[in-house]
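Presented below is the structure to which this report refers.
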Amino acid sequence: MATVNPIELQKYLKGMNYPASKDDLIDHAEEQGADDDILDLLEQLPDEEYETPTDVNQAVGELE
100 MATVNPIELQ KYLKGMNYPA SKDDLIDHAE EQGADDDILD LLEQLPDEEY
150 ETPTDVNQAV GELE
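Here is the structure:
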């Protein structure tokens, strides 16, 4: 799996309202023009509510 830079990931999640579900994150990233690597990574996240951008980064870190 390609490593995604957390700063790059957050660029596509800018303006996201938290808490957010996995599906909310994916939809928002798509609207912001995220590439397939970012979307594939978000698809692999656990299906739960994320309270903050840091929670998203932590969950991504556990995948890699």
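Note that the numbering used here has the sequence shown beginning at 100, numbered continuously upward. Backbone N, C-alpha and C fix where the C-beta goes; we use that ideal spot for every residue, glycine too.
In the three-state scheme derived from DSSP, where H, G and I count as helix and E and B as strand, Y149 is classed as strand.
Under the DSSP definition of a beta bridge, A119 partners with Y149. Contact annotation: Y117 and T153 have beta-carbon atoms that are not nearer than 7 Å. Here the alpha carbon of A119 sits roughly 10 Å from the alpha carbon of D146.
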